[in-house]
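Colleague: To start, I am sharing the structure in question, which I have written as structure tokens.
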Amino acid sequence: MKHLLKMLDLSQQEIFDILNLADKLKYQTKHNIPHRMLEGKTLGMIFQKASTRTRVSFETGMYQLGGYPLFLSANDLQIGRGEPVQDTARVLSRYLDCIMIRTFAQKEVEDLAEYGSIPIINGLTDFCHPCQVLADLLTIREYKANFDGLKMCYIGDGNNMANSLIVGGLKVGMDVSIACPDDYQPDKQVLDFAKDYKGFSMTNSPLEAAQDADVLLTDVWSSMGMESEIEKRKIAFNGYQINDEIMAAAHADAMVMHCLPAHRGEEITEKVFEAHANEIFDEAENRLHAQKAVMVKLMCPDEK
Ligand code: CP
Ligand code: NVA
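For the sequence shown, our numbering gives the first residue as -12, with consecutive numbering after it.
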């Protein structure tokens, strides 16, 4: 594994290797066992969009691993004034050991990887959010012990989270059901990947998708960058909500997860959110552990 650009690039073995290392790093973190595997390494973190979890978990994770994180707001970089990503990649490769980037176009992330000579981590694009989904898989495995026979259901926008959950969920062996409005379906590249899996299903009925689910997930109706569509989307997504009716269709012990930030009363009710706050905040914590594993794999590939 040279980069983390999207879940489509990872093999099942690579996903399990990251999750296993994340478990080990989580144990070491919780027990104050030093694990300074990235001593002397530097991570540049480029943000073209806002962030709470991604920024803080990468920055803290790099510190705990003995390395140095640099926060690089795109507004302050020349990239924000139009310096080509190809040049930025070649310059930053001379100073840093790894780059994490959060931006709009997936192509920008792929270009960084093509033109730079250091590992690139996708910290969210409009297309996907692989760091989040690795943390989600870590959390599901913690609660359910393994993925065998599980049904994961995603309700809402066919956005970056949906795209990554479909690929990640299917690759680790879960069944995946998706409920999206017709005009807001996941990316075609993802649907092409998923069509070969008999455990994949897509509908526009949230109730049907949630039937016998073991894990329920949702995400905001309007992602970052879609602020002008908020009112239109509130209408389009009416009914695409995790609520008591959806919970009644799922298995009684179903987990509920949300990448956060959440809009209570839109994609999830306050009641369901608070009833499943343990899972949701364990999921948020696991960003730290999963990303530490990704950084170690990329910057120190012999580490198990
Ligand atoms: N889930 C997630 O990526 O959160 P942030 O936008 O706060 O980083
Ligand atoms: N789909 C959301 C995820 C935020 C972590 C967005 O892109 O804004």
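Each residue gets a CB set at the ideal place from its N, CA and C atoms; glycine is no exception.
For cysteine 287, which residues from the same chain have a beta carbon less than 7 Å from its beta carbon, with the 5 sequence-adjacent residues on both sides left out?
Modeller: On the sequence shown, residue 287 is found 300 positions in, with the first residue counted as 1. Closer than 7 Å at the Cβ level, and outside the excluded window around cysteine 287, lie Met24, Leu25.
Colleague: Say yes only if the C-beta of arginine 40 is nearer than 7 Å to one or more non-hydrogen atoms of the ligand CP, and no if none qualify.
Modeller: On the sequence shown, position 53 is the one that residue 40 refers to. Checking every heavy atom of the ligand CP against the Cβ of arginine 40, one is found closer than 7 Å.
Colleague: Looking at C-alpha atoms only, which residue of Val72, Arg89, Thr29 is the closest neighbour of threonine 314?
Modeller: The requested residue 314 does not occur in the structure, where the chain is confined to residues -12 to 291.
Colleague: So glycine 160 and methionine 139 are supposed to be a Cβ contact under 8 Å. How far apart are they, rounded?
Modeller: Numbered from 1 along the sequence shown, position 173 holds the residue referred to as residue 160. Numbered from 1 along the sequence shown, position 152 holds the residue referred to as residue 139. At roughly 10 Å, the Cβ-Cβ gap does not stay under 8 Å, so glycine 160 and methionine 139 are not in contact.
Colleague: So, for proline 168: in the same chain, excluding its five sequence neighbours on each side, which residues have a beta-carbon less than 8 Å away from its beta-carbon?
Modeller: In the sequence shown, the residue the question calls residue 168 occupies position 181. Excluding residues within five positions, the ones whose Cβ falls inside 8 Å are Asn191, Ala223, Phe224, Tyr227.
Colleague: Across which residues does DSSP place methionine 139 in a beta bridge pair?
Modeller: One-based indexing of the sequence shown puts residue 139 at position 152. Residue pairing for methionine 139: DSSP places it in a beta bridge opposite Val163, Val202.
Colleague: From alanine 239 to isoleucine 5, what distance separates their C-alpha atoms?
Modeller: If you number the sequence shown from 1, residue 239 lands on position 252. If you number the sequence shown from 1, residue 5 lands on position 18. Taken atom to atom, the span from the alpha-carbon of alanine 239 to that of isoleucine 5 is near 30 Å.
Colleague: Looking at C-alpha atoms only, which residue of Leu59, Cys85, Arg128, Lys94 is the closest neighbour of serine 104?
Modeller: For the purposes of this step, residue 104 is taken as the residue at position 117 of the sequence shown. That would be Cys85, whose Cα lies nearest to the Cα of serine 104.
Colleague: Examine the ligand CP and report whether any of its heavy atoms sits within less than 7 Å of the Cβ of cysteine 140.
Modeller: Here residue 140 refers to the residue found at position 153 when the sequence shown is read from its first residue. No; taking the cut-off as 7 Å, the Cβ of cysteine 140 has no heavy atom of the ligand CP nearer than that.
Colleague: Where isoleucine 229 and lysine 279 are concerned, what is the direct C-alpha to C-alpha distance, given to the nearest angstrom?
Modeller: Numbered from 1 along the sequence shown, position 242 holds the residue referred to as residue 229. Numbered from 1 along the sequence shown, position 292 holds the residue referred to as residue 279. Distance between the alpha carbons of isoleucine 229 and lysine 279: 31 Å.
Colleague: Shorter than 7 Å, the distance from the beta carbon of histidine 245 to the closest heavy atom of the ligand NVA, or not?
Modeller: The residue you call residue 245 lines up with position 258 of the sequence shown. Every heavy atom of the ligand NVA is 7 Å or more from the Cβ of histidine 245, so no.
Colleague: Quickly, what does DSSP pair methionine 24 with across the bridge? List them, please.
Modeller: Along the sequence shown, read from residue 1 onward, the residue named residue 24 stands at position 37. Per DSSP, none; premise fails for methionine 24.
Colleague: At what residues does the alpha helix (DSSP H) containing leucine 6 begin and finish?
Modeller: Residue 6 sits at position 19 when you count from the first residue of the sequence shown. Looking at the DSSP string, the run of the alpha helix (DSSP H) that includes leucine 6 is -1 to 17.
Colleague: Assuming methionine -6 and proline 117 are in contact, meaning their beta carbons sit under 8 Å apart, how far apart are those beta carbons, in whole angstroms?
Modeller: Working through the sequence shown from its first residue, we reach residue -6 at position 7. Working through the sequence shown from its first residue, we reach residue 117 at position 130. Going by Cβ atoms, the distance from methionine -6 to proline 117 rounds to 5 Å, so yes, they are a contact pair.
Colleague: Give me the Cα-Cα distance between methionine 189 and glutamine 65, rounded to the nearest whole angstrom.
Modeller: Counting from one through the sequence shown, the residue named residue 189 turns up at place 202. Counting from one through the sequence shown, the residue named residue 65 turns up at place 78. Roughly 42 Å separates the two Cα atoms.
Colleague: On the premise that valine 202 lies in contact with methionine 244, defined as a C-beta separation below 8 Å, what is that separation, rounded to the nearest angstrom?
Modeller: Taking the first residue of the sequence shown as 1, we reach residue 244 at position 257. Taking the first residue of the sequence shown as 1, we reach residue 202 at position 215. About 7 Å; that satisfies the 8 Å criterion.
Colleague: Count the other C-beta atoms from every protein chain shown that fall within 10 angstroms of the C-beta of glutamate 253, then say buried if there are 16 or more, exposed otherwise.
Modeller: In the sequence shown, counting from the first residue as 1, residue 253 sits at position 266. Glutamate 253 should be labelled buried.
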